[in-house]
Amino acid sequence: MKTFQGRVVAPGRVSAEALVSHGGLNTLASFQKALQFGDKKATCGDQNNPDLYGKQMAGKALCLPQTIGSTTGGLVLYCACSMGRQPAAMLFSNPIDSLAAAGAVLADVWLDAPEAKMPVVDSLGDEFLEYVKDGMNIIIQEDGKVLVSDPF
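This is how it looks when you write it as structure tokens:
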């Protein structure tokens, strides 16, 4: 098991399977099917992200460098949370951008349902993204500590 320390953006404690992207996450392109067409698994629709395209994001610990794309990014994350189609957590190797942070914080503050929560930790460093692989077990603690272990 390897431990990484990041900065808490939206608090929470969760354990989930890792889903890793080495490119930025375009939130609108990635979550569009989930928000518009009822895809409850939040299958990534961004054809420009080969690491995630066609994979289920809901319930996964999404590990990525940063988000990219539309100014609607924060609203997309908030809506995914409000519809219960969000990742179990979002873990950023870089500092989070203000739009994604806004969506995560608004969801944390405004949505009372436990199933709408999405812990977010940023500034985990490049080593985090180099180490973590799809399918690894991720445990996020309240203080921003992220524990990563093999699934077996």
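Per our numbering, the very first residue in the sequence shown carries number 518; after that it's consecutive.
C-beta atoms are modelled at their ideal positions from N, C-alpha and C, and glycine is treated no differently.
For residue j and residue i, the rounded distance between their alpha carbons
i    : j    : result
A605 : S587 : 22 Å
W627 : V526 : 15 Å
S547 : V593 : 10 Å
K577 : S615 : 22 Å
S666 : T520 : 9 Å
P668 : G620 : 30 Å
T589 : L545 : 7 Å
A618 : I585 : 12 Å
V537 : N654 : 12 Å
K566 : G540 : Looking at the sequence itself, residue 566 is Asn, so the reference to Lys does not match. Roughly 7 Å separates the two Cα atoms.
D625 : K634 : 6 Å
A630 : V649 : 29 Å
M600 : G591 : 14 Å
D660 : F554 : 36 Å
G529 : V622 : 12 Å
M574 : G523 : 21 Å
L579 : D639 : 12 Å
V531 : P636 : 8 Å
Residue interval of the beta strand (DSSP E) (run including residue i)
i    : result
V665 : K662 to S666
V593 : V593 -> not in any beta strand (DSSP E); alpha helix (DSSP H) instead, spanning G590 to S599.
For residue i: DSSP bridge partner residues
i    : result
F521 : V663
V638 : V525 and L608
Same chain, Cβ closer than 7 Å to residue i, neighbours up to 5 away in sequence not counted
i    : result
A597 : F548, A551, L552, A559 and Q603
S610 : P582, L641, G642, D643, F645 and L646
Delimiting residues of the alpha helix (DSSP H) encompassing residue i
i    : result
D643 : D643 to Y648
Close beta carbons around residue i, own chain, < 6 Å, minus the five adjacent residues each side
i    : result
L664 : M518, T520 and I656
Y595 : G620, L623 and A624
Cutoff 8 Å; reference residue i; Cβ partners in own chain excluding five residues on either side
i    : result
D563 : L542, N543, A546, S547, L569 and Y570
G652 : E534, A535 and P668
What are the start and end residues of each continuous alpha helix (DSSP H) run of 4 or more residues lying completely inside the segment 524-583, in chain order?
Qualifying alpha helix (DSSP H) stretches, in chain order: 544-553.
Which runs of the alpha helix (DSSP H) at least 4 residues long sit entirely within the segment 605-631? Give them in chain order.
List check, alpha helix (DSSP H) in window: 615-627.
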